[in-house]
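Chains A and B, in that order, give the protein sequences.
If you're matching positions, the first sequence starts at 1 in this note's numbering and goes up one per residue.
If you're matching positions, the second sequence starts at 78 in this note's numbering and goes up one per residue.
A quick write-up on the structure given underneath.
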Amino acid sequence: MITVKLYAYLREEHGKSVEIPFEEGMKVQDIVERLNLPKERLSLIVAGDKDGMAAKMMDVPLQEDMVVHIFPPVAGG
Amino acid sequence: MEAFRKNEGTLGKKGVARLGASCALVVGLGGLGGFVANGLVRLGLKRLHLVDCDVYEESNLNRQLFSSQMTLGKKKTAIVKKELSLVNPRAEIVTHDLRIEDMTPEDFPKEVDIIIDAVDNIATKLHLERFAEQVERPLLHGAIGGWYGQVGIVSPGKGLLREIYGKKEAGIEKEMENPTFTPAVVGNLMVAEYAKFITGNENVLLDRILYIDLEEQSYHILFGKDQNP
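Structure, rendered in structure tokens:
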């Protein structure tokens, strides 16, 4: 199972945390698409021990029991 | 100085001396900027440049440190200078009543060690990152929205903010706005990073981003590893 932790407005549809059955060959992009998350409103992603800009993280392969955090942009001051 | 002696236990005599010779340019005196300016003066910095062209408004009262019934309608730069001069009369506080877009690289005070991003929108943050590259200074970045915030120092040329924000127009602050506590927490985390940067502490968040969720008290440091995902 992959645990996906969502933050701020990304929680509106799915809540704070979603579990998705792991499938061989799964990538971050598969999760984003399955949850129908708006790619243009994602900022940073942590997937296991990898992290980075959301756009650059899409091809990161997932593993069983991985936790993925998906953060939207924050820009107030 | 007795005023800053209590910083020595944590930052060391040398660290406090380095801070006492340091100079910062704080851009934006809203929620973050007020706490950052306050913290820098209490760290005992030598000179503080403040950039903002706004006046205090009633809607600032929930979160902006120097907003009060007494300061409504008054220029933020003047009030912050007045209040912090009472804390440390030796701190040299220079006000710039303008938008950062109107400061040219020629106008930039060369003595500044680090530029501080306390502005409230993506377009200005991206401008500030380019400006910091032009004048070859690091940018101490902070951002807030709702329960969330992020902090990190961007080296000139790294373009971290360009990557993070891309073509986005706004972040979660648009919907969640800014509550009382988030600017105080994130602003003071920026002060801690300033202290680490100036004193040469290896734990400084250099080219890394700390993402904070105050609702669940979760904290993630990104870009901490030499990796290319």
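Idealized CB from N, CA, C, for every residue including glycine.
Worksheet item: Just how far apart, CA to CA, sit LYS273/B and GLY226/B?
Response: Rounded to the nearest angstrom, the two C-alpha atoms are 19 Å apart.
Under the assumption that LEU282/B contacts GLY229/B (Cβ atoms under 8 Å), give the Cβ distance between them as a whole number of angstroms. Contact flag correct, Cβ pair sits at about 5 Å.
For VAL28/A and MET58/A, which I take to be in contact (beta-carbon distance under 8 Å), what is that distance rounded to the nearest angstrom?
VAL28/A to MET58/A, Cβ: 5 Å. Contact.
Q.
Output needed for GLY97/B: all residues of its chain with C-beta closer than 8 Å, excluding positions within five of it in sequence on either side, in chain order.
A. For GLY97/B, where only same-chain residues beyond five positions count, the Cβ hits under 8 Å are MET78, PHE81, GLY121, LEU122 and LYS123.
TODO: Kindly indicate if chain A contains any beta-carbon less than 9 Å away from that of MET147/B.
DONE: No, MET147/B does not count as interfacial toward chain A.
Residue of HIS126/B, LYS83/B and ASN278/B minimising C-alpha distance to ASP184/B
Of the candidates HIS126/B, LYS83/B and ASN278/B, the one whose C-alpha sits nearest the C-alpha of ASP184/B is HIS126/B.
request  = Would you verify that the beta carbon of GLN304/B is, or is not, closer than 9 Å to some beta carbon of chain A?
outcome  = For GLN304/B, the predicted model reports a pLDDT of 48, less than 50, meaning its position is unreliable and no value from the coordinates is stated.
| query | Does the distance from the CB of GLY48/A to the CB of LEU62/A come in under 9 Å? | reply | Taking 9 Å as the Cβ cut-off, GLY48/A and LEU62/A qualify as a contacting pair.
#### Entry: Rounded straight-line distance, which links the Cα of GLU213/B to that of ALA8/A
Cα-Cα distance, rounded: 34 Å.
task = Please look up how many angstroms separate the CB atoms of THR154/B and ASP179/B, rounded, as I've assumed it's under 8 Å.
result = Between THR154/B and ASP179/B a beta carbon distance of about 14 Å is seen, past the 8 Å cut, so the two are scored as non-contacting.
Please go through the same chain and pick out, in chain order, the residues whose beta-carbon is closer than 6 Å to the beta-carbon of VAL46/A, but skip the five residues on each side of it. Here the set comprises HIS69.
Report task. Can you give me the Cβ contacts of LYS152/B inside the same chain, cut-off strictly under 6 Å, excluding the 5 residues immediately before and after it? Result -> Excluding sequence neighbours, LYS152/B sits near VAL132.
Q. GLU40/A to LYS245/B, Cα distance in whole Å?
A. Each residue's Cα considered, the two are about 7 Å apart.
**Prompt:** For the beta strand (DSSP E) that contains ILE156/B, what are its first and last residues?
**Reply:** First-last for ILE156/B: 153-164, but that is the alpha helix (DSSP H), not the beta strand (DSSP E).
Got a sec, what are the start and stop residues for the alpha helix (DSSP H) PHE71/A sits in? Per DSSP, PHE71/A belongs to no alpha helix (DSSP H); it is in the beta strand (DSSP E), 67-71.
Practice item. Report yes if the C-beta distance between VAL164/B and GLY107/B is below 9 Å; otherwise report no. Key: No, they are not a contact pair.
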